[in-house]
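**Q** Structure below; questions to follow.
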Amino acid sequence: MNQRKSIKSALISVFDKGGLAPIIETLHENGVTLYSTGGTQAFIEKLDIPVERVEDLTSYPSILGGRVKTLHPKVFGGILTRRGFEEDEAHIAEYEIPEIDLVVVDLYPFEDAVSSEADHAEIIEKIDIGGISLIRAAAKNYKDVVIIPSKDQYTSFLDIIANNDCQTTLGERKDFARDAFNVSSHYDTHIFRYFNNNTKETFKQSILENQVLRYGENPHQKGIFHGDMDAIFDKLHGKELSYNNLLDVDAAVSLMAEFKNDDPTFAIMKHNNACGMATRSTLHQAYIDALAGDPVSAFGGILVGNREIDLATAEEVNKLFCEVVIAPNYSEDALELLKSKKNRIILIQKEIEFPKRQFRTLLNGVLEQDKDSIMEVASDLEPRTKTSPTDSEIADLLFANKLVKHTKSNTIVIAKNKQLLASGTGQTSRVDALQHAIHKAKSFEFDLNGSVMASDAFFPFPDCVEIAGIAGISSIIQPGGSIKDELSIDYCNKNDISMVFTGNRHFKH
Numbered sequence: 000m001n002q003r004k005s006i007k008s009a010l011i012s013v014f015d016k017g018g019l020a021p022i023i024e025t026l027h028e029n030g031v032t033l034y035s036t037g038g039t040q041a042f043i044e045k046l047d048i049p050v051e052r053v054e055d056l057t058s059y060p061s062i063l064g065g066r067v068k069t070l071h072p073k074v075f076g077g078i079l080t081r082r083g084f085e086e087d088e089a090h091i092a093e094y095e096i097p098e099i100d101l102v103v104v105d106l107y108p109f110e111d112a113v114s115s116e117a118d119h120a121e122i123i124e125k126i127d128i129g130g131i132s133l134i135r136a137a138a139k140n141y142k143d144v145v146i147i148p149s150k151d152q153y154t155s156f157l158d159i160i161a162n163n164d165c166q167t168t169l170g171e172r173k174d175f176a177r178d179a180f181n182v183s184s185h186y187d188t189h190i191f192r193y194f195n196n197n198t199k200e201t202f203k204q205s206i207l208e209n210q211v212l213r214y215g216e217n218p219h220q221k222g223i224f225h226g227d228m229d230a231i232f233d234k235l236h237g238k239e240l241s242y243n244n245l246l247d248v249d250a251a252v253s254l255m256a257e258f259k260n261d262d263p264t265f266a267i268m269k270h271n272n273a274c275g276m277a278t279r280s281t282l283h284q285a286y287i288d289a290l291a292g293d294p295v296s297a298f299g300g301i302l303v304g305n306r307e308i309d310l311a312t313a314e315e316v317n318k319l320f321c322e323v324v325i326a327p328n329y330s331e332d333a334l335e336l337l338k339s340k341k342n343r344i345i346l347i348q349k350e351i352e353f354p355k356r357q358f359r360t361l362l363n364g365v366l367e368q369d370k371d372s373i374m375e376v377a378s379d380l381e382p383r384t385k386t387s388p389t390d391s392e393i394a395d396l397l398f399a400n401k402l403v404k405h406t407k408s409n410t411i412v413i414a415k416n417k418q419l420l421a422s423g424t425g426q427t428s429r430v431d432a433l434q435h436a437i438h439k440a441k442s443f444e445f446d447l448n449g450s451v452m453a454s455d456a457f458f459p460f461p462d463c464v465e466i467a468g469i470a471g472i473s474s475i476i477q478p479g480g481s482i483k484d485e486l487s488i489d490y491c492n493k494n495d496i497s498m499v500f501t502g503n504r505h506f507k508h
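Residue numbers (numbering that gives the first Met the number 0): 0 to 508.
This is the structure we're talking about:
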């Protein structure tokens with residue numbers, strides 16, 4: 000595995016020339032014969048380094064508008080020949096095929112073409128044929144050939160050849176082959192997904208970027224995040240995000256997306272649920288009132304706002320031990336203050352479109368579903384009682400409904416004046432969720448008279464509205480749909496409680 004093998008010839012053909020020059024120069028310094036095509040050949044020539052044209056090797060030009068350049072036995076024979084295998088050596092001698100020890104190639108940017116919403120014909124032309132074939136051939140013959148399938152491998156490869164006289168070990172070649180099949184399978188997955196467009200129910204996902212975490216949900220579990228964190232956040236300060244941090248950050252970002260265009264809003268998350276939230280005329284006041292919702296649970300939480308965090312807000316935040324702060328931006332003096340806690344993670348959230356499909360492992364397979372992208376507005380509310388909610392109650396109902404959508408089921412949310420008073424989260428019965436929320440709100444001395452209640456699912460019995468009415472709740476929002484809806488409606492009518500139906504359940508498990 001550690002015996003080194005010299006690179007004597009290389010085929011180089013890439014779409015993206017960035018970072019390529021040092022590799023070419025090092026190969027040339029070590030006497031490696033270079034073969035290339037088209038733009039890569041011209042790039043090498045501009046470096047004043049000799050290069051053999053693949054066209055001269057194959058006696059065929061690039062044809063069909065560049066669709067066929069390297070697809071030839073004199074290229075693939077040189078890559079796939081098994082060194083020391085008598086029959087292979089006889090063939091390459093008979094047909095004058097040079098051995099190729101290194102292939103440096105990349106693939107046409109298919110994903111970029113799709114994401115740029117190019118027309119179908121242009122996207123089809125970005126399906127690489129020669130490149131993917133070169134990658135697979137060289138990777139298959141890793142015992143004798145080095146494959147560099149993308150610029151992500153340039154740094155490690157350059158380090159190897161620069162420090163070892165252009166020689167590689169079998170172990171290094173196998174590692175590059177592993178990377179090559181990762182690149183090729185990822186590429187093919189995205190081509191399939193483009194053609195499929197969710198028409199065939201097949202689960203295929205591929206993400207190249209990953210980040211090894213300190214551990215998983217518990218210290219004895221390994222954890223990895225597969226995704227491009229830099230596409231979502233600019234990290235300004237603090238330690239690395241943990242597995243549990245990421246779960247809370249995801250919950251925080253998803254919840255705040257519902258309030259993106261609302262007045263200044265602040266939320267405090269704990270174990271994927273909001274323990275405090277408020278909308279106010281300033282972010283400073285929104286944070287103060289969010290914290291008041293549950294100052295105990297807020298300790299060690301994840302903080303997220305929908306506006307730039309100014310100094311006044313930062314001064315309040317800095318009094319609390321929190322793991323992560325997320326905002327669209329920070330004033331200079333606010334950022335300076337928040338950085339005073341060395342481990343506090345400070346993130347700027349970028350504008351990004353998140354996937355519209357969700358999946359999770361289950362048993363020996365995967366569950367997949369559409370993301371819950373529905374969020375009701377005032378015109379969607381269907382009054383079902385004699386008493387209609389006031390304008391301020393409607394505002395609170397919509398506020399509470401956004402919260403209940405992003406809280407673990409079974410859940411009840413109680414809100415007043417666009418402030419979360421309490422929620423009952425993850426309970427086995429809706430009655431338990433409501434009683435938990437009422438108990439919690441009263442423990443922080445909130446007045447529930449005139450508050451509103453949101454439920455993630457319908458009430459199978461009238462017990463919840465009865466308990467809510469006794470507590471002073473004046474308006475209720477729920478999906479409706481129970482065969483016993485009329486019992487809840489009757490109670491509300493007898494007690495001057497307004498209730499609206501949305502028609503949409505928002506379970507979250």
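Built from N, CA and C at the ideal position, the CB exists for glycine as well.
So within the segment 258-326, which uninterrupted alpha helix (DSSP H) runs reach at least 4 residues, ignoring any that extend past its ends?
**A** For the segment 258-326, whole alpha helix (DSSP H) runs of length 4 or above, ordered along the chain, are 282-291 and 310-316.
**Q** Are the Cβ atoms of I23 and Y153 separated by less than 8 Å?
**A** Taking the first residue of the sequence shown as position 1, residue 23 is located at position 24. Taking the first residue of the sequence shown as position 1, residue 153 is located at position 154. It is not a contact, given that the beta carbons lie outside the stated cut-off.
**Q** Grab the span of the alpha helix (DSSP H) containing K355 for me, first residue to last.
**A** On the sequence shown, position 356 is the one that residue 355 refers to. That residue, K355, is in no alpha helix (DSSP H); it is neither H nor E in DSSP.
**Q** I need the straight-line Cα distance from H27 to D55, nearest angstrom please.
**A** In the sequence shown, counting from the first residue as 1, residue 27 sits at position 28. In the sequence shown, counting from the first residue as 1, residue 55 sits at position 56. Cα to Cα, the separation comes out at about 20 Å.
**Q** Between which residues of its own chain and R383 is the CB-CB distance below 6 Å, once the five residues before and five after are set aside?
**A** Walking along the sequence shown from the start, residue 383 turns up at place 384. Excluding positions up to five away in sequence, the list reads I488, M498 and F500.
**Q** Please identify the residue among V104, I413 and K341 whose C-alpha is closest to the C-alpha of D446.
**A** As a working note, residue 446 is residue 447 in the sequence shown. Nearest of V104, I413 and K341 to D446, Cα basis: I413.
**Q** Can you give, in chain order, each stretch of the beta strand (DSSP E) that sits fully within the segment 154-241 and has at least 3 residues?
**A** Complete beta strand (DSSP E) runs here, min 3: 166-168, 209-211, 223-225 and 232-236.
**Q** Over what stretch of residues does the beta strand (DSSP E) that includes A421 continue unbroken?
**A** The count along the sequence shown starts at 1 and reaches residue 421 at position 422. Q418 to G423 is the extent of the beta strand (DSSP E) around A421.
**Q** Whose C-beta lies closer than 8 Å to the C-beta of I496 among residues of the same chain, with five residues either side of it excluded?
**A** Along the sequence shown, read from residue 1 onward, the residue named residue 496 stands at position 497. Only T384, T386, V464, A467, G468, I472, S473, S474, I475 and Y490 meet the Cβ criterion.
**Q** Relative to the C-alpha of F258, which residue among N448, V451 and L402 is closest?
**A** As a working note, residue 258 is residue 259 in the sequence shown. Of the listed residues, the one whose Cα sits closest to F258 is L402.
**Q** Drop a sphere of 10 angstroms on the beta-carbon of Y94, count the other beta-carbons inside from all chains shown, and report buried for 16 or more, exposed for fewer.
**A** In the sequence shown, the residue the question calls residue 94 occupies position 95. The residue in question, Y94, is exposed, as its Cβ has fewer than 16 Cβ neighbours within 10 Å.
**Q** What three-state label does DSSP hand R135 in the structure shown?
**A** Along the sequence shown, read from residue 1 onward, the residue named residue 135 stands at position 136. Of the three classes helix, strand and coil, the one that applies to R135 here is helix, per DSSP.
**Q** Compute the distance between the beta-carbons of I122 and Y193, then report whether it is under 8 Å.
**A** Here residue 122 refers to the residue found at position 123 of the sequence shown. Here residue 193 refers to the residue found at position 194 of the sequence shown. Cβ atoms of I122 and Y193: closer than 8 Å.
**Q** According to DSSP, which residues form a beta bridge with D369?
**A** Working through the sequence shown from its first residue, we reach residue 369 at position 370. Answer is R356.
**Q** Would a C-beta distance cut-off of 8 Å place V211 and V323 closer than the cut-off?
**A** Here residue 211 refers to the residue found at position 212 of the sequence shown. Here residue 323 refers to the residue found at position 324 of the sequence shown. No, they are not a contact pair.
**Q** For a quick check, are the C-beta atoms of L310 and L336 less than 8 Å apart?
**A** Numbered from its first residue, the sequence shown carries residue 310 at position 311. Numbered from its first residue, the sequence shown carries residue 336 at position 337. Going by C-beta atoms, L310 is nearer than 8 Å to L336.
**Q** Name the DSSP beta bridge partners of Y329, please?
**A** Position 330 of the sequence shown, counted from the first residue, corresponds to residue 329. Paired residues: I308.
**Q** Going by beta carbon distance, what residues of the same chain come within less than 7 Å of K417, once the five residues before and after it are set aside?
**A** Numbered from 1 along the sequence shown, position 418 holds the residue referred to as residue 417. Taken in chain order, the residues that qualify are A277, T278, A394, D395 and F398.
**Q** Tell me whether V403 sits in a helix, a strand or coil according to DSSP, three-state version.
**A** Within the sequence shown, residue 403 is the residue found at index 404, counting from 1. It is helical.
**Q** Is the segment 166-186 close to the segment 39-58, with three or more CB pairs under 8 Å?
**A** Too few Cβ pairs lie closer than 8 Å, so no.
**Q** Under DSSP, the beta strand (DSSP E) around T32 begins and ends at which residues?
**A** Here residue 32 is taken as the residue at index 33 of the sequence shown, counted from 1. Taken as a continuous stretch (DSSP letters only), the beta strand (DSSP E) holding T32 covers T32 to S35.
**Q** Got a sec? Which residues, its chain only, sit under 8 Å from K70 by beta carbon, not counting five neighbours each side?
**A** For the purposes of this step, residue 70 is taken as the residue at position 71 of the sequence shown. Per the sequence shown, residue 70 should be read as Leu rather than Lys. Answer for L70: I128, G129 and S132, listed in chain order.
**Q** Which term fits V451, buried or exposed, when burial requires 16 or more other beta carbons within 10 angstroms of its beta carbon?
**A** Counting from 1 along the sequence shown, the entry for residue 451 is found at position 452. Under this definition V451 is a buried residue.
**Q** Sorted by chain position, which residues of the same chain lie with C-beta nearer than 8 Å to K441's C-beta, five sequence neighbours on each side aside?
**A** Stepping through the sequence shown from its first residue, residue 441 is reached at position 442. Excluding positions up to five away in sequence, the list reads L447.
**Q** Looking at the structure shown, is F42 part of a helix, part of a strand, or coil, going by DSSP?
**A** What you label residue 42 is simply residue 43 of the sequence shown in a count that begins at 1. Helix, per DSSP.
**Q** Which residue marks the beginning of the beta strand (DSSP E) containing V144, and which one marks its end?
**A** For the purposes of this step, residue 144 is identified with residue 145 of the sequence shown, where counting begins at 1. Looking at the DSSP string, V144 is not in any beta strand (DSSP E), and its letter there is neither H nor E.
**Q** Distance check for Q368 and Q357, CA to CA, integer angstroms please.
**A** To locate residue 357, count along the sequence shown from 1; it is residue 358. To locate residue 368, count along the sequence shown from 1; it is residue 369. Answer to the nearest angstrom: the Cα atoms are 5 Å apart.
**Q** Does Q2 come out as helix, strand or coil in the three-state DSSP assignment?
**A** Taking the first residue of the sequence shown as position 1, residue 2 is located at position 3. In the structure shown, Q2 sits in coil (DSSP, three-state: anything other than H, G, I, E or B).
**Q** Sort L19, K370 and F202 by Cα distance to G588 and report the nearest one.
**A** For the chain, the structure presents residues 0 to 508; residue 588 sits outside this window and is missing.
**Q** Is it buried or exposed for F506, if we count other Cβ within 10 angstroms and need 16 for buried?
**A** Along the sequence shown, read from residue 1 onward, the residue named residue 506 stands at position 507. Classification of F506: exposed, given that the 10 Å Cβ count is below 16.
**Q** Tell me which same chain residues have a C-beta within less than 7 Å of the C-beta of I146, skipping the five on either side of it?
**A** Here residue 146 is taken as the residue at index 147 of the sequence shown, counted from 1. Once the five neighbours on either side are set aside, the close Cβ partners of I146 are V102, I134, A137, A138, F175, A176 and A179.
**Q** Is the beta carbon of L10 closer than 8 Å to that of I547?
**A** Since the first residue of the chain shown is 0 and the last is 508, residue 547 is not available in this structure.
**Q** Determine the DSSP secondary structure at F458, reduced to helix, strand or coil.
**A** As a position in the sequence shown, residue 458 is number 459, starting the count at 1. Of the three classes helix, strand and coil, the one that applies to F458 here is coil, per DSSP.
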